[in-house]
Amino acid sequence: MKKLPWILVILLAVACVVACFRPQAAKETIRTETKVSTVVQIETLLISPPMAPLLVFRLTDTMRIGDTVVHREQAYYEDSLYRAWVSGYRPRLDSLQIFPRTVYQTVTNDIYHTIAPKKKRWGFGLQAGYGFYPGQSGFYVGVGVSYNLWQW
């Protein structure tokens, strides 16, 4: 009976050493999701007939039909949306349709953190163990407050 307390103390010490060297739980994980959505819009632009800012006469490009001389002309139209060359006799740009592609790209970056809740160190509950009292020792069962030194 006198060896039983020492056996329990040794078992308790071994349990404490095993609990200290136990691998720790994985820390919080961070997961990142990136979503890219692309929308392509094609719009129709109708541009009214502009005035030619540049009119070029090409004298080398002249047609002669009998006693008639027809000068061939070349007109150049330009804007921030288009550029057009028109050739012929008295060239005129009637209409111009442009189909610009507009690309809208949305990038969504979601970051997820998995956080483990903290374990409580203080507790209140039933206890059982072996106790040492002045002049005596023995098993006991009771209710008490406890503080956890190691958590697993």
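1 is the number of the first residue of the sequence shown in full-length UniProt numbering; add one for each residue after it.
The C-beta atom is built at its ideal place from N, Cα and C for all residues, glycine as well.
Fair warning: this is a prediction, and the values are worked out from it, not measured in the lab.
**Message:** Alpha carbons only, please: which of L96, Q151, Q136 and Y147 is nearest the one belonging to R44?
**Reply:** Start at 1 with the first residue of the sequence shown, and residue 44 comes out as number 44. Note that residue 44 is Thr in the sequence shown, not Arg. It is L96.
**Prompt:** Taking the C-alpha atoms as reference points, what is the distance between M124 and T108?
**Reply:** If you number the sequence shown from 1, residue 124 lands on position 124. If you number the sequence shown from 1, residue 108 lands on position 108. In the sequence on display, residue 124 carries Phe and not Met. Each residue's alpha carbon lies about 47 Å from the other.
**Message:** Taking the beta strand (DSSP E) that D110 belongs to, which residues open and close that run?
**Reply:** Here residue 110 corresponds to residue number 110 of the sequence shown, with the count starting at 1. Unbroken beta strand (DSSP E) run through D110: R101 to T114.
**Message:** Using 8 Å as the threshold, is the C-beta distance between Y130 and L8 below it?
**Reply:** For this step, residue 130 is matched to residue 130 along the sequence shown. For this step, residue 8 is matched to residue 8 along the sequence shown. In this structure, L8 lies closer than 8 Å to Y130 by Cβ.
**Prompt:** For L96, which three-state DSSP category applies?
**Reply:** As a working note, residue 96 is residue 96 in the sequence shown. Three-state result, L96: strand.
**Selection from L126, W150, Y89 and T68 that minimises the alpha carbon distance to V143** = Locating residue 143 in the sequence shown gives position 143, where the first residue counts as 1. Residue L126 is the option with its Cα nearest to V143.
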